[in-house]
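In what follows, a structure is listed as structure tokens, so that the remarks can point back to it.
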Amino acid sequence: MCVMKIAIVTTGDEIMSGNVVDTNSAWLADKCWMLGHEVVWHGGVPDREDAIGEMCKLAAEYAEIVFVSGGLGATLDDITVESAAKAFGKKLILHEDIWNGIQAFFKKVGRECTDNNKRQSYIPEGGKPLTNRVGTAPGVQVKLGPAIFFFLPGVPRELYQIFNDSIFPWLKEKAGEHIYSQKFLRCFGIPEASFDERLKGLELGDVRMSFRASYPEVKIKLVIGKTEEELKKTEMLIRKRLGDHIFGENDDTLEAVVGKLLQKKKMTLAVAESCTGGRIANLLTDVPGASQWFERGIISYSNVSKTDMLGVKEETIKEHGAVSEECAKEMAEGVRKVSGASLGLSVTGVAGPSGGTKENPLGTVHIALASESRTRHISYCHPRERDLFKALTSYEALDLVRRYLL
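So this is what it looks like as structure tokens:
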């Protein structure tokens, strides 16, 4: 086993100015920590040759491995590799395989390859290119001074792919058996403040448990070293206490879980949205293969659209209002009928910041789910900022579908 000391450097004017949030450092740190390595240093630096060079030299004083993200593109401010190489007295050499690969990439997508792109083909002497399967900028592994450097693109999905393909196996081999196991349990429908009470007195043993609010859901993080048996035992105890408020684990999303349940039961879903403005349909269509179980989405924002597109009775709106149990039920039944889907889901509410009344205060929402046999209805009142209201309402609607399908 070899625990390595690791430094992480993020480059970019957009990072330093606060225009872009650096998520790469957190992702890299988590991956390294899970392998048992020690992240001892973080640094950020603008797109300036002297600053990048000095920061890389400083990082090498603290760590055996240095990750540097950003500045590997084809524009004039992408100077990370050349700045670091210059600081350590290394020459840049043209790597023919990289250049051939870049030209092939542009030919494949039908775009012109320029001289700027050729800049991405130069790496420090002694360096090793790391294949980028989703972009043009390859990663680079090279020894500079006392440390091994990994230069990675700033685009998260490119960084993740290169790390997982080319760096993770190497770091895992260095770590030996000193690897941590972790699991996320994803929950919805319980206020964050209630978790302590529900899980009070839980025997954790060596398992470390923490909570991460990711509105509108809460993630429970479980971590343990070496053996997974105790982690599984703790997970079962938590599941017993929280029940079906746990909708998934790790990378599961609520919309993907709903999709799997629909597919398993060979059912389809159609959605009629008013106050969420298409957000539910957007979540569902983010799931690969959604066309197998998602029939359609209708945004019926105005009263006229509710009657014209969904068959909501004018008397219903006149008598009860558009934000009502009666209207929500007719919307759900209407979208199910016009689409031919197994289930019809609807939402109607007062998103704000104006429009609230004594009968329907700000934050009121009615959700209905129509099946062949009956139409279910739930209602809430949760005044929030408009975007938060739409996010929470979308989750409440999807959770209603999930619970019906369980």
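Just so we're aligned, residue 941 is where the sequence shown starts under this note's numbering, counting upward by one.
Note that CB positions come from ideal geometry on N, CA and C, so glycine has one too.
Asked	Found
Assign K1030 to one of two classes, buried (16 or more other C-beta atoms within 10 Å of its C-beta) or exposed (fewer than that).	buried
Count the other CB atoms within 10 Å of the CB of D1037; is the residue buried (16 or more) or exposed (fewer)?	exposed
For P1064, write down the residues that DSSP places opposite it in a beta bridge.	L1032
Does R1126 come out as helix, strand or coil in the three-state DSSP assignment?	strand
Do I1160 and I1353 come within 8 Å of each other at the CB atom, strictly closer than that value?	As displayed, the chain neither begins before 941 nor continues past 1346, which places residue 1353 out of reach and without an answer.
A1014: which of Q1060, P1086, T1304, E1195 sits nearest, CA to CA?	Q1060
So the alpha helix (DSSP H) T1054 belongs to, where does it begin and stop?	Taken as a continuous stretch (DSSP letters only), T1054 belongs to no alpha helix (DSSP H), as it is neither H nor E.
Determine the burial state of N1072: buried for a count of at least 16 other Cβ atoms within 10 Å of its Cβ, exposed for fewer.	buried
Is it the case that the Cβ atoms of N964 and L1099 are separated by a distance below 8 Å?	yes
Candidates C1267, R1181, S1121: which alpha carbon is nearest G1141's?	R1181
Leaving aside the five residues before and after S957 along the sequence, list all residues of the same chain whose C-beta is less than 6 Å from its C-beta, in chain order.	none
Tell whether a beta-carbon distance below 8 Å holds between A1025 and P986.	no
Can at least three beta-carbon pairs, one atom from the stretch 1212-1224 and one from the stretch 1238-1246, be found at a separation below 8 Å?	yes
Spatial neighbours of G993 within its chain, please: CB distance less than 7 Å, with the 5 preceding and 5 following residues excluded, ordered by chain position.	S1023, A1024, K1026, A1027
By the DSSP assignment, the alpha helix (DSSP H) with G1274 in it spans what residues?	1265-1279
Since K1112 and E1189 should fall inside the 8 Å C-beta cutoff, what is the C-beta to C-beta distance between them, to a whole number of angstroms?	Not quite, the Cβ-Cβ distance comes to about 22 Å (not below 8 Å), so this is no contact.
For M1176, count the other beta carbons within 10 Å of its own beta carbon; 16 or more makes it buried, fewer makes it exposed. Which is it?	exposed
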